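Down below is the structure, laid out as structure tokens.
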Amino acid sequence: MTFLKFILLSMLVCIAPAASGAENSPWSALLEQAAGKRLAQHPYWHKLLHYRHSAMGKLKSDIVSRDFFLSRDGAEDPERELEATLQALFAPIGSDQNTHAQCRFVARYRWLRTQLDWHGASPPVVSCPAFDAWSGHGSVTSISVIFATGYFSNPASYYGHLLLRFNTGDGVANLGLLDQTLNFGAIVPEGEPGLVYVAKGIFGGYEAAFSSVQFYRHNHSYAEEELRDMWAYELELAPEEVARIVAHGWELLHARFDYYFANENCAYRMSELLGLVVEQPLRYESLPWSAPGTVFDRLVELEKDGRPLVRKVTRIPSRLNRFHAQYRRLEAVPQTVLRDWANGAGSFDGGGYAALGEADKIAVVDALVDYVEFRRVQEKDEVFADKAKRALLLERLKLLSRAPSSEGGGEVGSVQQEMPPHLGPRPNMVRVGTVSNQVLGHGMTLNLRPAYFDRLSIDAGHLPHATLEMFDLELAAFGPSVRLRRLDVVNLEHMNISETPLPGDGGYAWRVRFGLQSNDLSCAGGLVGKVAGGLGKAAVLSGSAVAYIMATGDLQTPHAGSGNAGAAGIVGMMVAPAAAWKTSVEFGRHAFLNGARAKRSTLKWQNRLGGDRDWDVRLDFERDVASQWRLAFSAYW
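For the sequence shown, our numbering assigns the number 1057 to the initial residue and increments by one for each residue that follows.
Shown next as structure tokens:
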């Protein structure tokens, strides 16, 4: 009995110091309050830690970097992480104040200050010079969501890119060039092979992180080097809401996530961050993919406190589109002077240039500066750009430092991309049609497409005269059976039209397509795997009419003696007689390079009727061995 008492007393002695330390700690009362208020289960706390329930119902954070959590179990246990956070906020200040929990986790600290009664609890007073400098010492007045338009030279940028800019009003020439940004992207090793890059991006082979640079870096990368327009959607947020996003953005600079190109991408993570202050979802959470464009659809639809969530939309044109706009504003004579100068790197000493007025000279020189910079980007070894730039800058210094007039000049060339992305085509499509086939009879078709637009889509918010379709599925029913008729994994096309007659403007038209398709229109089944590509040239005929010619080659799995290699010559035209009608016709002559099948001619005539983002009617005629008519209704969301 005496021995048992000794054991019990020993246990109490061992336990007492730990319990006494917790009870007497400066944060223990706050921990009791937090437990009483169930703050560890609060939705905002879960947002700050990026917790999500798995398919099995287990709670876990999306953040994979362990140093983001103060508790060893913080990635799975919100209560342990809350306790560890409160304890760390009272920790002594070390040699570097920036590493203190109050500075590393500014958003957590600020939220806990609003949720708990801190009377009698005195954490150390910590200054956070790194955060203060990054956040502009509280000078951020608003937040803009920036959309960089699609870029066909990089598969990860086909759908565009999304980032945040923290507006201070202190940017260069009101462009916000010195303002901080918050960006999200995959961490890709330098020199990663293209196929490896695509495969890892799709199947989660990369980690991703938030990063921050001043906006001029993105402006240079997107608008100057990649020649992509950007659109800034400034949000109507209260000052405390702006501060919340800035503070959590700082925390996220130390976090790592798994990256999936189709879903857990920039659109997903930025929507999640904005979800700290915007209660309504900013993407279609029921869909297994996240497209940047849909975020902007939602932003302009939402209201906050009775006012539109988007305060203002501003276009930031690319270097190329700035030049095109300046060229179109010129009258006929200055346009001729500009063309003559560009074609021969002409002189400013005489001729037509000397006869121009001061304002026209400024307009011509400014347009030429943008032109030669565009040429430098497109053709890095082109000697014209370096020689011309020096001459232009010297001439510009002689002229008055005022901007040219924006009056005058007409539209030249193809349709311009001046409509913001939220007015462009919606990415998701379902299309139901009735079809009459010369061989197979009457039937029904069903098309499903998660992304993004085809050549007949409304001309707004995307590259003109282009196609970007992925995973476009077509099912057909002739009689009782339903068959897969086509699956375009990727279907890309860009007419790359010259907007001006100047050297280097525009380029080759091209297309790339691969997936499964019926061998020809006479087949109810007969699917072949096919990879096809083409190269050619397109030009504006007049108004909205575009004509093109193209040579194509293809490889396919053999079917009915067709062989597995082919080539074709194609001529076509696209025209939009009205906003609610766009039509395309294409003739082709295809030859198999092996196998027993003969040459065959193809014809495809397609029409879009209706100019709405949410729906249209398609009327198509196609001939490929057999002839076929189709009338279909499309719904977009």
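Ideal Cβ positions, reconstructed from N, Cα and C, are used throughout, including at glycine. These figures come from a predicted structure and were not determined experimentally.
query                                                                                                                                                                                      : result
Which partner residues of P1364 appear in the DSSP bridge assignment?                                                                                                                      : E1359
Jot down the residue ranges of each uninterrupted alpha helix (DSSP H) in the segment 1282-1321, minimum 4 residues, whole runs only, in chain order.                                      : 1295-1308
State buried or exposed for E1467, treating a residue as buried only when at least 16 other CB atoms are found within 10 Å of its CB.                                                      : For E1467, the predicted structure reports a pLDDT of 34, less than 50, and the residue's modelled location is therefore unreliable. A value from the coordinates is still provided. Per the 10 Å Cβ criterion, exposed.
Would you kindly report the start and end of the unbroken alpha helix (DSSP H) that includes W1167?                                                                                        : 1162-1171
Let me know if Q1143 comes out buried or exposed under the rule of 16 or more other beta-carbons within 10 Å of its beta-carbon.                                                           : buried
Starting from V1201, follow the beta strand (DSSP E) in both directions and report where the run begins and ends.                                                                          : 1198-1204
Quick one: what does DSSP say P1633 is sitting in, helix, strand or coil?                                                                                                                  : strand
Identify, in the order they occur along the chain, each residue of the same chain with its Cβ nearer than 7 Å to the Cβ of G1585, setting aside the five sequence neighbours on each side. : L1572, Q1612, T1613
Could I get the ranges of all uninterrupted beta strand (DSSP E) runs contained in the segment 1471-1508, with 3 residues as the minimum, in chain order?                                  : 1485-1493, 1497-1505
Compute the Euclidean distance between the alpha carbons of L1597 and V1631, then round it to the nearest angstrom.                                                                        : 10 Å
Taking the beta carbon of R1482 as the centre, do at least 16 other beta carbons fall within 10 Å, making it buried, or is it exposed?                                                     : buried
So what's H1276 in DSSP terms, helix, strand or just coil?                                                                                                                                 : helix
What's the call for M1112, buried or exposed, on a 16-neighbour Cβ count within 10 Å?                                                                                                      : exposed
How many Å lie between Y1692 and D1670 at the Cα?                                                                                                                                          : 5 Å
Taking C-beta to C-beta, are S1127 and V1302 nearer than 7 Å?                                                                                                                              : no
Have a look at the DSSP bridge pairing and note the partners of N1547.                                                                                                                     : E1525, R1569
Quick check: the Cα distance between L1659 and R1679, rounded to an integer number of angstroms?                                                                                           : 5 Å
Could you tell me how far apart the beta carbons of H1478 and D1353 are, in whole angstroms, since I believe they sit closer than 8 Å?                                                     : 5 Å
Counting pairs of beta carbons, one from the segment 1197-1217 and one from the segment 1495-1502, are three or more of them closer than 8 Å?                                              : no
Can you look up D1680 in the DSSP assignment and give me helix, strand or coil?                                                                                                            : strand
Could you give the C-beta distance for D1314 and Q1270, rounded to a whole number, given that I count them as a contact under 8 Å?                                                         : Contact flag wrong, Cβ pair sits at about 28 Å.
CA-CA distance, S1110 and S1690?                                                                                                                                                           : 35 Å
Just reading off the alpha helix (DSSP H) that H1217 is part of, what are its end residues?                                                                                                : Segment 1217-1223 is the beta strand (DSSP E) holding H1217; no alpha helix (DSSP H) there.
Please report the straight-line C-alpha distance between H1276 and E1642, rounded to a whole angstrom.                                                                                     : 39 Å
Would you say the segment 1379-1391 touches the segment 1342-1357, given that touching needs at least three Cβ pairs under 8 Å?                                                            : no
Quick one: is R1354 near chain C, going by C-beta distance under 7 Å?                                                                                                                      : Chain labels in this structure do not include chain C; a single protein chain is all it has.
Taking DSSP as the reference, what is the three-state secondary structure of G1590?                                                                                                        : strand
Sort H1098, F1266, V1433, S1600 by Cα distance to R1284 and report the nearest one.                                                                                                        : V1433
Determine the DSSP secondary structure at R1128, reduced to helix, strand or coil.                                                                                                         : coil
Distance, Cα to Cα, Y1214 vs F1222?                                                                                                                                                        : 25 Å
Per DSSP, what kind of secondary structure is G1349 in: helix, strand or coil?                                                                                                             : helix
Where do the ends of the beta strand (DSSP E) carrying N1239 lie?                                                                                                                          : 1237-1242
Looking at C-alpha atoms only, which residue of L1453, P1185, A1085 is the closest neighbour of A1177?                                                                                     : A1085
Find the nearest neighbour of S1683 within the set N1650, A1621, D1576, R1363, judged by alpha-carbon distance.                                                                            : D1576
Who are the near neighbours of A1242 in its chain, counting only those whose CB is closer than 6 Å to its CB and skipping five residues on each side?                                      : Y1262, A1264, Y1315
If you count every other CB in all the chains shown that lies within 10 Å of the CB of Y1564, and 16 or more means buried, which is it?                                                    : exposed
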